[in-house]
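For reference, the structure is listed below as C-alpha cells.
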Amino acid sequence: MAGEALVDVVVPVTGQSRRSPGGSPLNVAVGLARLGLETQLVTEIGDDDAGRMVLEHVRGSGVTVDDASVVPGATTSTATATLDEQGAATYSFELRWTLGPRTLPPDATALHVGSLGTALRPGRDTVLALVEQAVDAGILVTFDPNVRPTITPDAEQAWHEVLEVAEAADVVKLSDEDLEFLQPGTTIAAAASSLLRGRTRLLVVTSGGTGAFAVSPAGSVEVHSRPVDVVDTVGAGDSFMAALVAVAVQHGLDELHDDRLEAYLSAAHEAAAVTVSRPGADPPSLGELPPGWPRLS
Numbered sequence: 001m002a003g004e005a006l007v008d009v010v011v012p013v014t015g016q017s018r019r020s021p022g023g024s025p026l027n028v029a030v031g032l033a034r035l036g037l038e039t040q041l042v043t044e045i046g047d048d049d050a051g052r053m054v055l056e057h058v059r060g061s062g063v064t065v066d067d068a069s070v071v072p073g074a075t076t077s078t079a080t081a082t083l084d085e086q087g088a089a090t091y092s093f094e095l096r097w098t099l100g101p102r103t104l105p106p107d108a109t110a111l112h113v114g115s116l117g118t119a120l121r122p123g124r125d126t127v128l129a130l131v132e133q134a135v136d137a138g139i140l141v142t143f144d145p146n147v148r149p150t151i152t153p154d155a156e157q158a159w160h161e162v163l164e165v166a167e168a169a170d171v172v173k174l175s176d177e178d179l180e181f182l183q184p185g186t187t188i189a190a191a192a193s194s195l196l197r198g199r200t201r202l203l204v205v206t207s208g209g210t211g212a213f214a215v216s217p218a219g220s221v222e223v224h225s226r227p228v229d230v231v232d233t234v235g236a237g238d239s240f241m242a243a244l245v246a247v248a249v250q251h252g253l254d255e256l257h258d259d260r261l262e263a264y265l266s267a268a269h270e271a272a273a274v275t276v277s278r279p280g281a282d283p284p285s286l287g288e289l290p291p292g293w294p295r296l297s
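Here's what the structure looks like:
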C-alpha cells in the first residue's frame, strides 16, 4: 500500500467537528488488515500529535508502517470533510507529499496505489517507481484515482496521469464522479475502451449509493447496492476498494465472467454498507460481514 495518510476533520451540519485518521490509501490499508490480509503502508506523516494519532490507528488495526514514513519535524497532512444534509462530503486539504525513494518488500503479493499519492509530485514519482517494481515482480497492482478536483483542477492533465497509472494496474476502480470530471459526458463503455488496456483485467465504476458496474475482457455486470441507513459516506469508497482488493488477492482475476463479477461487486458492496452505517471512515472487520463472506459461485 502506497499513498497518503492524514487526519480527517469531519464538519457535520450541526454539532462539533471530529478528528480521526484518514486518507484513502490509509483507509484501504486498514480495511485490508481488518479483512485478515497482512498489510504494510508506505506513506509520509510528521512526528507530531496528528502523526502519532495516525500511527496508533493503523497499527491498532494490524497495519505495519516503516520508520521512513515518519518524517522528523514535519507536519501531518489534514483533510477537512464538510457534510451536507444527506451526509455527503466535500473536501479541502492541507498537504505534504514529498515521499522519498522506497523499495517494494520482497514478499509483497500485491500493491495498491491511488488518490493523492498518485496525483501530487514529488511523491507521485516514488509511487510510480513502486508500481514499476511491482510490474517487474509480476504481482497484482490495484489503482483507485479517487480524484480531488480541488487538488488537480486540470481535468485533461489528470486524465493523462490516471491513464499512465491505469496501464500498469490489473484492477482499476473509479467513481462516476471521477469519470464525469475526467471525461465529461463519457459512458462506461467508452471509459472501458480507454482503461482496459495494458495489464488491466478489471474495471469497476461505482455510483455512490446506487451500485457499481464492472467490466472485464470476459464480461460486464451492474450490481445495485442494498438499502442502508446512511450516517455518512466518508470512507465508503475505500471500504469498497479494500474488499475488492482482498477478493482479487485471495481469488484472482481469471475467468471474470458475469457471475464472478457480480460476486466480487456484491462482496465490496457489503463492506461499504457497514462503513456508511456508522460515523467516519471505519471499515468493517471480517466478523462484521455476512457469514461465508465473500460468497463466490
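So for the sequence shown, full-length UniProt numbering puts the first residue at 1; every next one is plus one.
The beta-carbon is built from N, C-alpha and C at its ideal position, and this holds for glycine as well.
Model, not experiment: these values are computed from the prediction.
Residue pairing by DSSP places LEU140 opposite ALA110 in a beta bridge. For HIS224, the beta-bridge partners assigned by DSSP are GLY211.
DSSP places ASP238 outside any beta strand (DSSP E); the residue lies instead in the alpha helix (DSSP H), whose first and last residues are 236–251.
Here DSSP, grouped into helix, strand and coil, assigns GLY219 to strand.
In this structure, the CA atom of PRO25 is about 18 angstroms from the CA atom of THR150. A distance below 7 angstroms between beta-carbons, with the five flanking residues on each side excluded, links THR186 to the following residues of its chain, in chain order: LEU179. The three-state secondary structure of THR103, taken from DSSP, is coil. In the same chain as ARG148, and ignoring 5 residues on each side of it, the C-beta atoms closer than 8 angstroms to its own belong to TYR91, PHE93, SER115, LEU116 and ALA119, in chain order.
The beta carbon of GLY87 sits closer than 7 angstroms to the beta carbons of VAL230, VAL231, ASP232 and THR233 from its chain, once the five residues preceding and following it are set aside; these are given in chain order.
Assignment of ARG52 by DSSP, reduced to helix, strand and coil, places it in the helix class.
Under the three-state reduction of DSSP, SER277 is assigned to coil, being neither helix nor strand. Its Cα nearest to that of GLU85, the residue GLY15 stands out among PRO101, GLY15 and ASN27. Going by beta carbons, ALA168 and VAL204 fall outside the 8 angstroms limit. Distance from the Cα of VAL65 is smallest, within the candidate group ASP49, THR82, ALA33 and LEU95, for ALA33. Of all alpha-carbon atoms in ALA191, ARG102 and PRO227, the one lying nearest the alpha-carbon of SER175 is that of ALA191.
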